[in-house]
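FYI, the numbering for the sequence shown is -20 to -1, 1 to 372, going by mature numbering (1 follows the signal peptide of the UniProt record, and there is no 0).
Don't be surprised by glycine CBs; every beta carbon is placed ideally from N, CA and C.
A quick note: this is a predicted structure, and the numbers were derived from the prediction, not measured.
See structure below.
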Amino acid sequence: MNGRVGLLLLFLGFIGVCLSAPAKTKHQRKRVIHGRPWFGLTPKPNKVEGPLNPGVSGDQYIASKVDHFDSSNNNTYRQRYWYNNQWYSAGGPVFLMIGGESAEDNRWVANANLVWTQLAAENNAMVFLLEHRYYGASQVTADQSTANLKYLSSRQALADIADFIPAMTTKFNLQGAKWITFGGSYSGALAAWSRMLYPDLIYGAVGSSGPVQAVVDFVGYLEVVSNDLNTYSMDCGNSLKNALAQIPQLLTTSQGRQQLFKGFQIEEVFSCFKSYMYTRLELFFSWYVNQCALIYGSQFSNTTVYSSIASTNGFYHGQNGYNATRIVLPNGTNDPWHVLGVLNAPNSQAYPIIINGTAHCADMYGDSSTDPASLTAARTQIRSIVNSWFKS
């Protein structure tokens, strides 16, 4: 699938999102930015209605290091976390949900109908949620200048986790407890990496839909979307392909643009169509790099991006070099990001679970009567594997 078709597919997808949502005022925040929800790719679970269990904490804070890799930097920041001890019994394990690229609240620890909280109830575990640095109330620096953003990295976030675990072990008298990390999407990768980098602290991990392979200009995303459409209906896939072939020509004339406006009924809903249309069609890789250079400085270039990606894959070993034990790695085949996950077991104690016909992080949420059999079976398998870690 070439770049132009891919961009047009994103363009159509964005139109679809706009048409499926009620009209928004200019003061409301966009739900999708460059194809990604502003709140991250792992939706928060439902908020618990009514009074919370007394075991659910309010906002808690720990003093975390600003820079874990500079011994001369003693600065700290307030990192937010939550806990729930309603299921905990002395000697039980401890579960840590790793926050991703969004602000957090107590939903992950308060909602008892999630796979990980159900596992906590079954195993008398205490659960924690740690907000990611630079998001929500966990602000590392006074501003987000280019110089200060150097502390925003997965490696610093993982080091936060490595400090958090012994601190909570001391505070809550959890000595000897087995810590299990959980996460989804980016934080799913963090969960997987945390088990690999800190095996003495973290006994096991469940990293749902974690893209552990870094890629520049990820065209594979659109290839999965195309395959999903064709799997659902070849007529659907062919219709979209034909539409994409017509759109470039329609965009070149006033009459054609009016036809698109009328066909998609976007006169009112898509009031900012013109500015979005042109920026969407210019979103080639070099455009993004040029924007980085414009905003953050001329030190950013194609070379910088490619070398940074190579460094990341070298440090974490990518999807083919990843190797840890007691790790569960679920991925859904309908999820475009799944092709960047660990799909083959590197050893007998690593469990990639490929869930046919499901989406990004679907395994993390509670059971539903509409779930496909493959998802129900995957959740059962995840529970069985994690439960087995506490029987030895």
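Taking a cut-off of 8 Å on C-beta distances, the stretch 228 to 242 does not touch the stretch 346 to 358, as fewer than three cross pairs fall below it. If you look at residue 168, you'll find it isn't in any beta strand (DSSP E); it sits in the alpha helix (DSSP H) that goes 166 to 177. Per DSSP, reduced to three states, the secondary structure at residue 317 is helical. By the criterion of a C-beta distance shorter than 7 Å, residue 326 is surrounded in its chain by 302, 303, once the five residues flanking it on both sides are discounted. Look at the stretch 28 to 102 and you find these whole runs of alpha helix (DSSP H), each 4 residues long or longer: 87 to 90. For residue 244, the three-state secondary structure derived from DSSP is helix. When the beta-carbon positions are compared, residue 73 and residue 105 come within less than 8 Å of each other. Assignment of residue 142 by DSSP, reduced to helix, strand and coil, places it in the helix class. Assigned with DSSP and collapsed to three states, residue 205 falls in helix. Inter-residue distance for residue 322 and residue 177 is about 16 Å (C-alpha atoms, whole angstroms).
Contact check between the stretch 65 to 83 and the stretch 103 to 122: three or more CB pairs, one atom from each, fall below 8 Å, which counts as touching. As the crow flies, the alpha-carbon of residue 222 is around 17 Å from that of residue 212. Under the criterion of beta carbons closer than 8 Å, residue 173 and residue 138 qualify as touching, at roughly 6 Å. Shortest Cα-Cα distance from residue 209 to any of 79, 65, 316, 24 involves 316. Rounded to the nearest angstrom, the Cβ distance from residue 67 to residue 37 is 14 Å, too far for a contact under 8 Å. Out of 136, 200, 351, 127, the CA that lies nearest to the CA of residue 275 is found in 127. Proximity to residue 195 across 265, 114, 111, 270 peaks at 265, based on C-alpha coordinates.
Only exposed fits residue 228, as fewer than 16 other CB atoms lie within 10 angstroms of its CB. Contact annotation: the stretch 335 to 344 does not touch the stretch 152 to 161, with fewer than three C-beta pairs closer than 8 Å.
Contact check for residue 79 against residue 48 fails: the beta carbons are separated by 8 Å or more.
Residue 27 counts as exposed, since fewer than 16 other C-beta atoms from the protein chains shown sit within 10 angstroms of its C-beta.
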